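**Student:**
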DNA sequence: GAGCACTGC
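Numbering (the UniProt record's numbering), first residue to last: 1 to 733.
#1: Below 6 Å CB to CB, which residues in the same chain sit around residue 242 once its five sequence neighbours on both sides are set aside?
#2: From the DSSP output, in three-state form, read off residue 165 for me.
#3: Among 181, 235 and 345, which one has its Cα closest to the Cα of residue 374?
#4: Using the Cα positions of residue 596 and residue 653, report the straight-line distance between them to the nearest angstrom.
#5: Within the continuous beta strand (DSSP E) that includes residue 688, where are the two ends?
#6: Which residue comes first and which comes last in the beta strand (DSSP E) that contains residue 373?
#7: For residue 599, which residues does DSSP report across the bridge?
#8: With DSSP run on the structure shown, which of helix, strand or coil describes residue 594?
#9: Can you name the start and end residues of the beta strand (DSSP E) that residue 515 belongs to?
#10: Determine the closest residue to residue 535 out of 146, 651 and 566, with distance taken between C-alpha atoms.
#11: Going by beta-carbon coordinates alone, are residue 483 and residue 454 separated by less than 8 Å?
#12: State the Cα-Cα distance for the pair residue 311 and residue 567, rounded to the nearest angstrom.
#13: Between 323, 215, 601 and 528, which lies nearest to residue 295 when the distance is taken from Cα to Cα?
#14: Could you name the residues that DSSP lists as bridge partners for residue 412?
#15: To which residues does DSSP link residue 346 through a beta bridge?
#16: Flag this pair as yes or no: are the beta carbons of residue 209 and residue 138 separated by less than 8 Å?
#17: So, are the CB atoms of residue 656 and residue 527 less than 8 Å apart?
#18: Going by C-alpha to C-alpha distance, which of 372, 341 and 342 sits closest to residue 356?
#19: Can you grab the Cα-Cα spacing for the pair residue 658 / residue 523, in whole Å?
#20: Which residue marks the beginning of the beta strand (DSSP E) containing residue 704, and which one marks its end?
#21: When the Cα atoms are used, what is the spatial distance from residue 280 to residue 289?
#22: Taking all protein chains shown into account, do 16 or more other C-beta atoms lie within 10 angstroms of the C-beta of residue 822, making it buried, or fewer, making it exposed?
#23: Do you know whose CA, among 619, 570 and 630, lies nearest residue 603's CA?
#24: Measuring only the C-alpha atoms, how far is residue 737 from residue 415?
#25: Using a Cβ distance threshold of 8 Å, determine whether the region 469-482 contacts the region 394-404, with at least three qualifying pairs required.
#26: For a quick check, are the C-beta atoms of residue 176 and residue 161 less than 8 Å apart?
#27: With contact counted as at least three CB pairs below 8 Å, one residue from each stretch, are the region 536-546 and the region 573-584 in contact?
#28: Using the three-state DSSP reduction, which class does residue 63 fall into: helix, strand or coil?
#29: Mind the definition here: the region 113-127 touches the region 170-188 only if three or more C-beta pairs lie below 8 Å; say whether that holds.
#30: State the CB to CB distance for the pair residue 713 and residue 577, rounded to an integer number of angstroms; the pair is presumed to be in contact (CB under 8 Å).
#31: Taking all protein chains shown into account, do 16 or more other C-beta atoms lie within 10 angstroms of the C-beta of residue 101, making it buried, or fewer, making it exposed?
#32: Using C-beta distances below 7 Å, list every residue in its chain close to residue 693, excluding the 5 sequence neighbours before and after it, in chain order.
#33: Below 8 Å between beta carbons: does that hold for residue 204 and residue 148?
#34: Run through DSSP, which three-state label would residue 140 get?
#35: How is the beta strand (DSSP E) around residue 310 delimited, first residue to last?
#36: For a quick check, are the C-beta atoms of residue 285 and residue 439 less than 8 Å apart?
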């Protein structure tokens, strides 16, 4: 395998310095290009140039923001349930939930709220009569890991009394009384059971993260509550937003009565105590000119002046992280006087899970770990042993422009809530320190919280789902935070142009309601539902499944760009990326025999490919339920992808969903949108990056830095746009 | 020549 050879070469070069390491460690070392020696001579103390701050006080609710079981790979240190902070509040908590329909729970890391409260509720009889206690999580890994933990505590097999349900994995049974699930999945359950009637208590965990589906779920729960007064809602929040959540649910005449406590007879905020170690926060005295460089210096300052303990560095993206990891390795070599070593480790979502594992392994003796991470380490992944945090003050945020339909991904100053959350990562196991690469006056100008996703996303999928839930007047839907009107208008226009909504913005039948049911983006749902008319349903199912992987198909290795390029060329279809994806899928199913080794040889991500098979199966089941005949009779060999016939059918079919995302190639190889106003570049991962084309449609446009890249690009004919979207293009011309 | 993080009976 080429990658191993490469690593081996690097390992050979490193051998003299790493003679004492085991072979396994050596390979690790080589892959990370790390393990270096530091100098004692750096004299300046970190504290000299830093403004001191009082640190996070125990009463600061922001400091408590955390996920109990966010890290899938590393369970928190086990504490007997009876010793958890929540234990002493058991009776009071049960009384509050019994008395008030809505409870907002504030609890910090390790308080036990996620694992213990469901058990208390079950013991108190909330599961009598076949009712179920539901606990939602924003992430799949959290739902599975916390369910597994609770099943262990209850001493049942997972899927019996305690179970979980996430997409493609339902480990529940008729006996299940406590059920963990993703919030997106609970929303989907509401399509079948609009009042979520099997649940007696619904706990929405990590609500402060304000994910799109959490926000919508809360709005739906507020509606359900009016028809089900016996339902109990527990919102677990870890931030100052607790009062916003309470006000949201109890916003009635009574709430304005100043003589009654906040929440009136409808709700209460419940503070769980708990322990978090103090974190000493230090700011820059002067703003940094180059925060990456300043971050690097801070790493070495900490290493030379501070006591033992690992460092967690927050940066914005892969490029910065790779640079900093390399620099730490290089600069450490310049230092002499062997003492404690520095071990920089990168952490971002784009790494394979093997590569991510390294950050969870304890540092080798006499070594200080420096984990250089994106925001993934803020909530999704928890690493033990961190004593120092360096916060660069920025995060890359995604936003959707309703006027252009283009997404942007830009580095933005973090919010105060985010900064507090990052700092808190230093105080998990003992008192820690947080170094902020900005001044305290910069901090004062930060927003309180990151704008929720509902204010910066394409709302078409959500609007479609709300319509399917019977919420016709989406403009009056009770959003926790209202999205900008332009986002709503754009989403409605898009759904109308796809034929999902009629002139009165009502869901069309069967097209609109079926689109809502398909767990796939609206434009692709439309494409799938019209595919039978084009005679390419089987192929389109594969394309839809592959396209929803969103670029995670190819496995790229540094230093092997050429090899992976030529591997990709084997699957290339002249007509563009969608047909190439089809070729990949069909090769995986037939030649690949669903084989991990075959994937590796072709630089394909095996996990993603397996997921594509699951998605395809799920989509096929939906279509069959609609009564659509999914004929799989076409043998892949009979299907000459790249040939004129089926390829054109597929491209025409794609145009019926993607017509609004069309562009024309210019002589210089860039693209211009239909109205001619915007210049687009083919993303280097696209086949169209170095090929000629005229008109194309694309699935995604994203602005990063100064360029706008389009991904998943397919050639079409201009005439098709007018043929399949006459009203859309008449308006424009 | 390159993109933060999540997710769907």
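Heads up, the beta-carbon is just placed ideally off N, CA and C, and yes, glycines get one too.
Note that the structure is a prediction, hence the values are computed from the model and not measured.
**Tutor:** So, to answer that:
#1: Within the first chain, residue 242 is the residue found at index 242, counting from 1. Result list for residue 242: 104, 106 and 269, in chain order.
#2: Here the question's residue 165 lines up with position 165 in the first chain. DSSP places residue 165 in strand when its eight states are reduced to three.
#3: By one-based count along the first chain, residue 374 stands at place 374. Closest by alpha carbon: 345.
#4: Locating residue 596 in the first chain gives position 596, where the first residue counts as 1. Locating residue 653 in the first chain gives position 653, where the first residue counts as 1. Cα to Cα, the separation comes out at about 32 Å.
#5: Numbered from 1 along the first chain, position 688 holds the residue referred to as residue 688. Counting along the chain, no beta strand (DSSP E) covers residue 688, and no H or E run does either.
#6: Residue numbering aside, residue 373 sits at position 373 when the first chain is read from its first letter. Per DSSP, residue 373 belongs to the beta strand (DSSP E) from 367-373.
#7: As a working mapping, residue 599 is identified with position 599 in the first chain. Note: residue 599 sits in no beta bridge, so no partner.
#8: As a position in the first chain, residue 594 is number 594, starting the count at 1. Coil, per DSSP.
#9: Taking the first residue of the first chain as position 1, residue 515 is located at position 515. Where residue 515 is concerned, there is no enclosing beta strand (DSSP E), although the alpha helix (DSSP H) it sits in stretches over 511-517.
#10: As a position in the first chain, residue 535 is number 535, starting the count at 1. Out of 146, 651 and 566, 651 has the C-alpha closest to the C-alpha of residue 535.
#11: In the first chain, the residue the question calls residue 483 occupies position 483. In the first chain, the residue the question calls residue 454 occupies position 454. Cβ distance < 8 Å, so residue 483 and residue 454 count as in contact.
#12: Counting from one through the first chain, the residue named residue 311 turns up at place 311. Counting from one through the first chain, the residue named residue 567 turns up at place 567. Cα to Cα, residue 311 sits roughly 39 Å from residue 567.
#13: Looking up residue 295 in the first chain gives position 295. Checked all of 323, 215, 601 and 528; the closest Cα to residue 295 is 323.
#14: Here the question's residue 412 lines up with position 412 in the first chain. 395.
#15: Mapped onto the first chain, residue 346 falls at position 346. Its beta-bridge partners are 372.
#16: Taking the first chain and counting its residues from 1, one reaches residue 209 at position 209. Taking the first chain and counting its residues from 1, one reaches residue 138 at position 138. Contact flag set, yes.
#17: Taking the first chain and counting its residues from 1, one reaches residue 656 at position 656. Taking the first chain and counting its residues from 1, one reaches residue 527 at position 527. A contact, by the Cβ cut-off of 8 Å.
#18: Numbered from 1 along the first chain, position 356 holds the residue referred to as residue 356. The shortest C-alpha separation from residue 356 is found at 372.
#19: Here residue 658 refers to the residue found at position 658 of the first chain. Here residue 523 refers to the residue found at position 523 of the first chain. Cα-Cα distance, rounded: 6 Å.
#20: What you label residue 704 is simply residue 704 of the first chain in a count that begins at 1. Counting along the chain, the beta strand (DSSP E) containing residue 704 begins and ends at 695-704.
#21: Taking the first residue of the first chain as position 1, residue 280 is located at position 280. Taking the first residue of the first chain as position 1, residue 289 is located at position 289. Their backbone Cα atoms lie some 24 Å apart in a straight line.
#22: The shown model of the chain, from 1 to 733, leaves out residue 822, and the question about it has no answer.
#23: Mapped onto the first chain, residue 603 falls at position 603. Nearest C-alpha to residue 603: 570.
#24: The requested residue 737 is not part of the displayed model; the chain covers only 1 to 733.
#25: no
#26: Position 176 of the first chain, counting from 1, holds the residue named residue 176. Position 161 of the first chain, counting from 1, holds the residue named residue 161. Contact: yes.
#27: Counting Cβ pairs under 8 Å, three or more are found: they touch.
#28: Counting from one through the first chain, the residue named residue 63 turns up at place 63. Because residue 63 sits at a pLDDT of 33, beneath the cut-off of 50, its placement in the model cannot be relied upon, and the following sentence gives the value as read from the coordinates. Helix.
#29: yes
#30: To locate residue 713, count along the first chain from 1; it is residue 713. To locate residue 577, count along the first chain from 1; it is residue 577. Residue 713 to residue 577, Cβ: 5 Å. Contact.
#31: The residue labelled residue 101 in the question sits at position 101 within the first chain. Under this definition residue 101 is a buried residue.
#32: As a first step, residue 693 is located in the first chain; it is residue number 693 there, counting from the start. Answer for residue 693: 665 and 715, listed in chain order.
#33: As a position in the first chain, residue 204 is number 204, starting the count at 1. As a position in the first chain, residue 148 is number 148, starting the count at 1. No, the Cβ-Cβ distance between residue 204 and residue 148 is not below 8 Å.
#34: The residue labelled residue 140 in the question sits at position 140 within the first chain. Correct three-state label for residue 140: helix.
#35: As a first step, residue 310 is located in the first chain; it is residue number 310 there, counting from the start. Looking at the DSSP string, the run of the beta strand (DSSP E) that includes residue 310 is 310-314.
#36: As a first step, residue 285 must be located in the first chain, where it is residue number 285. As a first step, residue 439 must be located in the first chain, where it is residue number 439. Their beta carbons are under 8 Å apart, which means residue 285 touches residue 439 by this criterion.
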